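All remarks here apply to the structure that follows.
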Amino acid sequence: MLSVAQLRSLGVPPSTITKRCRPGGPWRRLAPGVVLLGTGEPTRHQLLQAAVAYLGPESVITGIDALRAYGVRLPPPTAVGALVAAHRRLTPPAFVTVERTARLPAPVTLEGVPYAPPARAALDAARRETDLDLIRRLLTLPVQEGLCDLRELRDELETGNQRGSAAVRAQLRTLTRTDQSDLRRTARQVIRHCPLPPPRWDTTVFTRDRRRLGSVDAWWDEVGLAWSIAPVDVGSERDRLALTAAGVVLVRTTPSLVRHHAEFVIAELVRGFRRAAGRPRPHVVSEARVAA
1 MLSVAQLRSL GVPPSTITKR CRPGGPWRRL APGVVLLGTG EPTRHQLLQA AVAYLGPESV
61 ITGIDALRAY GVRLPPPTAV GALVAAHRRL TPPAFVTVER TARLPAPVTL EGVPYAPPAR
121 AALDAARRET DLDLIRRLLT LPVQEGLCDL RELRDELETG NQRGSAAVRA QLRTLTRTDQ
181 SDLRRTARQV IRHCPLPPPR WDTTVFTRDR RRLGSVDAWW DEVGLAWSIA PVDVGSERDR
241 LALTAAGVVL VRTTPSLVRH HAEFVIAELV RGFRRAAGRP RPHVVSEARV AA
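Numbering-wise (the UniProt record's numbering), the sequence shown opens with residue 1 and increments by one.
Right, dumping it as structure tokens:
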């Protein structure tokens, strides 16, 4: 599969290209300016190459084709989904569906084809679907494959195109609640195997004059030890700074560590408890978590 420009740069005259692409000829035009050097049906990869060759450098393959390139097991879609810069106006061939965007993502190039990052690809695919089970699958599979997490999907959904997002938003809320519930169950199992007294769960820590310091997932009040299970973001970093400034010993753990490396988490909590017990308890109070 080559573009007409590539063929001409190789010395093939325009008349020869036209002749060979006529009905019954040995070549086939897949898109304006894009030629398949054969008469058989193009492979999926050739269709992706043809889409990029036609759309040019300001284009990115997204949706199911991008997820498939990352290893997610999904059947190929009817049309190749592609993103192009918002200012472009073009009429793509029938096998390509184009979405213009002001947020053209930095591509991940695999085998010469530029793909949208996993979270963007999953949401672009999900927004085009109406079947709720398929939407849920498109959101779940990339997370299960470790390509992205639910926070990345939520962030992308909030900053991206809102067209067709209502059903996606509802499914993502369901997945988030399920994920958080599963994570809390796993965290409690970890603590049951931890040689520490039981903590308080879902706690907000305050100064004695009721200034909020931060919310934590588990709290050992007797020594002032806090455990937070969350990816690092602006909110969690703000809480960390406030808690540690008040003298709280804070152990922060990612959800992935809780799920897959319980022994490491237990060791970190034990070290944190010993450190907290080895210094005066900070002058803080706690209660069941309240809204920030």
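Cβ atoms here follow ideal geometry from the backbone N, Cα and C, with glycine treated the same way. Every value quoted in this text rests on a predicted model; they were computed, and no experiment measured them.
As a quick exercise: from the options, pick the residue whose alpha carbon is nearest that of residue i.
i, options, result
"S3", "P77, I64, G160 and L37", "L37"
"L90", "G71, A116, E58 and Y70", "E58"
"P23", "R137, G40, I229 and R169", "G40"
"R147", "S256, A94, D217 and P77", "Rather than Arg, the amino acid found at residue 147 in this sequence is Leu. Measuring from the Cα of L147, the nearest candidate turns out to be S256."
"V251", "W219, H260 and V113", "W219"
"T101", "V72, A85, V113 and T204", "A85"
"R240", "A262, D209 and T204", "T204"
"E268", "D133, S165 and C194", "C194"
"V52", "H87, T16, P92 and V72", "P92"
"A187", "A288, Q162 and D217", "D217"
"P199", "S286, D131, R137 and T244", "S286"
"Q46", "H260, M1, S215 and D221", "M1"
"Q189", "H261, S165 and T244", "H261"
Can you tell me which residues form a DSSP beta bridge with residue i?
i, result
"V35", "L2 and R29"
"V12", "Bridge partners of V12: none, in fact."
"L175", "DSSP lists no partner for L175."
"F264", "The partner list for F264 (beta bridge, DSSP) is empty, contrary to what the question assumes."
"A218", "W201 and W227"
"Y54", "Y54 is not bridged to any residue."
"F206", "R212 and V285"
"R240", "According to DSSP, which records beta bridges pairwise, R240 is partnered with nothing at all."
"E99", "L83"
Report the rounded CA-to-CA distance for residue i versus residue j, giving the unit in angstroms.
i, j, result
"T159", "L48", "27 Å"
"R211", "R279", "23 Å"
"W227", "S236", "12 Å"
"L150", "T253", "16 Å"
"L110", "P282", "52 Å"
"Y70", "A106", "16 Å"
"R29", "V258", "53 Å"
"V108", "T62", "11 Å"
"W201", "L225", "12 Å"
"V270", "I191", "11 Å"
"R169", "E129", "13 Å"
"R44", "V113", "12 Å"
"V12", "R88", "30 Å"
"A291", "I266", "Reliability of the predicted coordinates at A291 is poor, the pLDDT of 40 falling under 50, and no value is obtained from them."
Going by the beta-carbon positions, is the gap between residue i and residue j smaller than 8 Å?
i, j, result
"L104", "V60", "yes"
"L139", "L172", "yes"
"E156", "L123", "yes"
"I64", "L55", "no"
"A126", "I135", "yes"
"A119", "L175", "no"
"F264", "V223", "no"
"A276", "V249", "yes"
"P142", "L83", "no"
"S96", "A79", "Per the sequence shown, the amino acid found at residue 96 is Val instead of Ser. Yes, they are a contact pair."
"A167", "T207", "no"
"L196", "V284", "no"
"A31", "A5", "no"
"P14", "R8", "yes"
Helix, strand or coil: how does DSSP classify residue i here?
i, result
"Y70", "coil"
"S59", "strand"
"G81", "strand"
"S165", "coil"
"I135", "helix"
"L213", "strand"
"V285", "strand"
"E111", "coil"
"T254", "coil"
"E129", "coil"
"T140", "helix"
"R120", "helix"
Looking at the ligand MN, does it come within less than 7 Å of residue i, judged from the CB to the closest heavy atom?
i, result
"V98", "Only the bare structure without any ligand can be found here, which leaves the ligand MN out of the picture."
Quick check on residue i - is its C-beta less than 8 Å from some C-beta in chain B?
i, result
"P13", "In summary, chain B is missing from the structure at hand, where a single protein chain is found."
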